[in-house]
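Enquirer: Residue numbers (the numbering used here): 201 to 615.
Every residue, glycine too, gets a C-beta built ideally from N, C-alpha and C.
1) Tell whether a beta-carbon distance below 8 Å holds between residue 449 and residue 318.
2) Let me know the secondary structure DSSP gives residue 256 once reduced to three states.
3) Does the count of Cβ pairs from the segment 512-532 and the segment 379-399 closer than 8 Å reach three?
4) Could you tell me whether the segment 359-367 touches the segment 301-309, using the rule of 3 or more Cβ pairs below 8 Å?
5) According to the neighbour-count rule (16 or more other Cβ atoms, all chains shown, within 10 Å of its Cβ), is residue 299 buried or exposed?
6) Are there 16 or more other CB atoms within 10 angstroms of the CB of residue 395, so buried, or fewer, so exposed?
7) Please return the same chain residues whose Cβ sits closer than 8 Å to the Cβ of residue 530, not counting the five positions on each side in sequence.
8) DSSP state of residue 399, grouped into three classes?
9) Residue 400 and residue 453 - do their beta-carbons sit closer together than 8 Å?
10) Could you please give me the residues that DSSP links to residue 277 through a beta bridge?
11) Here's the rule I'm using: 16 or more other beta-carbon atoms within 10 Å means buried, otherwise exposed. How should residue 354 be labelled?
12) Where do the N-terminal and C-terminal ends of the beta strand (DSSP E) with residue 301 fall, by residue?
13) Does the separation of the CB atoms of residue 510 and residue 434 fall below 8 Å?
14) Can you check which of these residues, 451, 314 and 278, is closest to residue 603 by C-alpha distance?
15) Inspect the CB distances between the segment 456-475 and the segment 499-508 and report whether three or more fall short of 8 Å.
16) For residue 608, does the three-state DSSP call read helix, strand or coil?
17) Check this for me: beta carbons of residue 487 and residue 254, under 8 Å apart or not?
18) Short of 6 Å in beta carbon distance, which residues of its chain neighbour residue 352, apart from the five on each side in sequence? Order them along the chain.
In structure tokens, the structure reads:
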């Protein structure tokens with residue numbers, strides 16, 4: 201172990217795989233029942249875990265908290281403009297009146313053709329999928345703290361839209377992981393790894409089932425929720441947000457970029473297959489080894505439209521595995537072979553914690569019917585385990601020093 205790693209281990213408690221006792225033994229005791237609690241009787245769920253419909257006051261508070269009311273007439277100052285990509289151009293702007301920052305995305309003009317036309321598209325221009333998701337889901341009036349809040353305005357130029365979203369000043373998860381590994385020469389602090397797992401699954405439980413974490417292992421459920429399949433879950437699409445409600449000095453995880461998402465009840469989507477190494481085996485089987493070219497692009501559209509909540513879970517499993525196995529976070533190299541024996545899956549000693557490997561394996565099952573689900577299903581539900589990992593995270597937060605500004609690539613701004 202390097203001097204930097206030794207220093208971090210001393211500061212944040214023993215490494216998850218170290219032989220020291222103390223917090224490791226406490227975590228082991230807490231995790232000892234993780235595997236056995238994957239299944240819970242359905243009769244105990246309603247009323248005990250899911251305590252009722254989401255109160256409207258929660259929606260109102262989140263809408264006011266985001267304050268995503270952008271009035272250009274009040275004056276906007278450009279903070280940073282990113283290079284334009286095929287998905288559009290993103291500019292960070294600040295309100296001269298309130299000082300609040302927002303992300304402004306201008307979508308490109310995309311002509312409809314025989315490949316990309318969704319069932320709701322008409323005229324010469326394709327509607328950006330993010331705009332469609334906003335219109336047919338309930339994300340606009342039912343915001344969630346783990347989901348990027350955004351609204352859409354029609355632009356003056358035909359076929360273009362402006363998407364305004366809340367600004368996550370902590371950057372994205374991929375940047376932060378690289379910061380620790382490349383610049384600090386250390387692995388993720390234990391509490392933040394568990395924080396990633398917990399909040400990623402809070403996001404999935406909401407998108408897939410409308411579950412909304414309340415407190416003390418209890419959840420609300422949004423009424424009339426439409427299942428949303430994200431379709432491109434990866435570290436670059438998970439943002440880090442600072443607020444007064446952050447836990448343990450750590451930014452919140454916020455899932456964004458719904459460019460390849462699908463909403464329940466709206467078939468006929470023509471969206472691409474997302475980032476290939478994160479795709480589940482049943483999705484990869486559709487396009488196989490074929491290149492993304494004119495002759496095979498329809499296979500990739502077919503794969504994108506075939507995604508289900510189970511495919512999202514697999515993607516999160518890939519991300520957790522890449523972190524826990526100390527694999528390079530990559531969008532062009534597949535860390536898991538389709539025929540790999542999951543019983544031989546190995547994670548680094550830095551992330552050795554009882555129950556974690558089994559959790560990841562459940563997310564990576566080849567058979568989607570046996571894969572974990574972000575709910576309390578009697579056979580596949582995995583949220584009871586997530587609740588256990590949340591308790592572990594909270595214990596580490598109380599026992600270890602809080603993470604400070606030097607631990608983050610983009611630390612919280614002190615006003």
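Expert: Considering the structure as presented:
1) In the chain shown, counting from the first residue as 1, residue 449 sits at position 249. In the chain shown, counting from the first residue as 1, residue 318 sits at position 118. It is not a contact, given that the beta carbons lie outside the stated cut-off.
2) Walking along the chain shown from the start, residue 256 turns up at place 56. Note: residue 256 maps to helix in three-state DSSP.
3) yes
4) yes
5) Locating residue 299 in the chain shown gives position 99, counting from the first residue. The residue is exposed, with fewer than 16 neighbouring Cβ atoms inside 10 Å.
6) Translated into the one-based positions of the chain shown, residue 395 becomes position 195. So residue 395 counts as buried.
7) Counted from its first residue, the chain shown places residue 530 at position 330. Around residue 530: 477 and 522.
8) For the purposes of this step, residue 399 is taken as the residue at position 199 of the chain shown. In this structure, residue 399 counts as helix in the three-state DSSP scheme.
9) Translated into the one-based positions of the chain shown, residue 453 becomes position 253. Translated into the one-based positions of the chain shown, residue 400 becomes position 200. Contact: yes.
10) Here residue 277 refers to the residue found at position 77 of the chain shown. Paired residue(s): 294.
11) If you number the chain shown from 1, residue 354 lands on position 154. It counts as exposed.
12) The sequence position of residue 301 within the chain shown is 101, counting from 1. Start and end: 301-306.
13) Start at 1 with the first residue of the chain shown, and residue 510 comes out as number 310. Start at 1 with the first residue of the chain shown, and residue 434 comes out as number 234. No. Outside cutoff.
14) As a working note, residue 603 is residue 403 in the chain shown. Closest option to residue 603, Cα to Cα, is 451.
15) yes
16) Locating residue 608 in the chain shown gives position 408, counting from the first residue. Note: residue 608 maps to coil in three-state DSSP.
17) Taking the chain shown and counting its residues from 1, one reaches residue 487 at position 287. Taking the chain shown and counting its residues from 1, one reaches residue 254 at position 54. No, Cβ-Cβ distance for residue 487 and residue 254 is not below 8 Å.
18) Mapped onto the chain shown, residue 352 falls at position 152. Cβ neighbours of residue 352 beyond the five flanking positions: 331, 334, 361 and 363.
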